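Q:
Numbering (the numbering used here), first residue to last: 15 to 217.
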């Protein structure tokens with residue numbers, strides 16, 4: 015049986031056509047796998063390695079050592095931010111702070127996860143809370159709050175040798191905060207794979 019010239023040409027062209035279709039997909043996958051560009055930001059005694067698109071902004075309170083505006087996930091319009099606090103070695107114990115953070119979320123539908131780990135900058139405890147956040151509004155002395163449903167908070171207590179605890183907090187919509195889990199931990203040197211469950215006193 016004779017094979018037409020058209021068939022022979024098609025047979026030769028088919029691999030090239032398939033390669034042309036696959037290469038863009040492979041390139042896109044490789045780009046997605048590349049870690050986002052980061053920058054080092056010195057904050058007191060610690061250094062945060064944060065994505066380039068985390069915009070450092072002027073702290074809105076004297077209690078804040080640094081703060082960053084963070085881009086939200088698609089569809090999330092509520093602002094997302096990272097804040098660093100340092101109280102000169104004061105600020106209360108870990109359990110008292112974690113219980114206070116838990117109390118900032120309404121009990122109905124609240125999700126709580128507390129883990130501990132180690133970083134090159136010091137040991138840390140990270141509390142992950144999700145649900146309806148009673149977001150502080152106005153001066154702390156007034157103790158006013160606003161209910162924000164679908165929120166999530168990741169709060170870190172980073173113990174720096176000879177200095178005390180640094181508090182690093184990520185807040186925003188649950189979808190956005192969940193998508194930033196890896197970047198947030200990497201910012202202070204945390205590693206979720208090496209963390210262990212932390213038990214609160216009296217729990």
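The beta carbon of each residue, even a glycine, is placed where N, CA and C say it ideally should be. Since we're looking at a predicted model, the values are computed, not measured.
Does DSSP classify residue 169 as helix, strand or coil?
A: strand
Q: If the criterion is Cβ atoms closer than 7 Å, does the pair residue 67 and residue 93 meet it?
A: Taking 7 Å as the Cβ cut-off, residue 67 and residue 93 do not qualify as a contacting pair.
Q: Using beta-carbon positions only, say whether residue 57 and residue 80 come within less than 7 Å of one another.
A: The Cβ atoms of residue 57 and residue 80 sit closer than 7 Å to each other.
Q: Consult DSSP for residue 208 and reduce its assignment to one of helix, strand or coil.
A: helix
Q: Can you grab the Cα-Cα spacing for the pair residue 195 / residue 131, in whole Å?
A: Rounded to the nearest angstrom, the two C-alpha atoms are 15 Å apart.
Q: Looking at the unbroken beta strand (DSSP E) that takes in residue 191, where does it start and where does it end?
A: Per DSSP, residue 191 belongs to no beta strand (DSSP E); it is in the alpha helix (DSSP H), 188-193.
Q: So which of 64, 98 and 139 has the shortest CA-CA distance to residue 214?
A: 139
Q: Give me, in chain order, the residues of the same chain whose beta-carbon lies closer than 6 Å to that of residue 70; leave out the 5 immediate sequence neighbours on both sides.
A: 82
Q: Take the Cβ of residue 198 as the centre, count every other Cβ of all protein chains shown within 10 Å, and call the residue buried at 16 or more, exposed below.
A: Buried: at least 16 other Cβ atoms inside 10 Å.
Q: Looking at the unbroken alpha helix (DSSP H) that takes in residue 114, where does it start and where does it end?
A: Its alpha helix (DSSP H) spans residues 108-117.
Q: Taking the beta strand (DSSP E) that residue 155 belongs to, which residues open and close that run?
A: Segment: none, residue 155 is in no beta strand (DSSP E) and carries neither H nor E.
Q: Would you say residue 216 and residue 134 are within 7 Å of each other, going by their C-beta atoms?
A: no
Q: Around the Cβ of residue 47, are there at least 16 other Cβ atoms within 10 angstroms (buried) or fewer (exposed)?
A: Low local confidence applies: a pLDDT of 48 at residue 47 is under 50, so the model's placement there is unreliable, with the coordinate-based value given in what follows. Answer is exposed; the Cβ neighbour count stays below 16.
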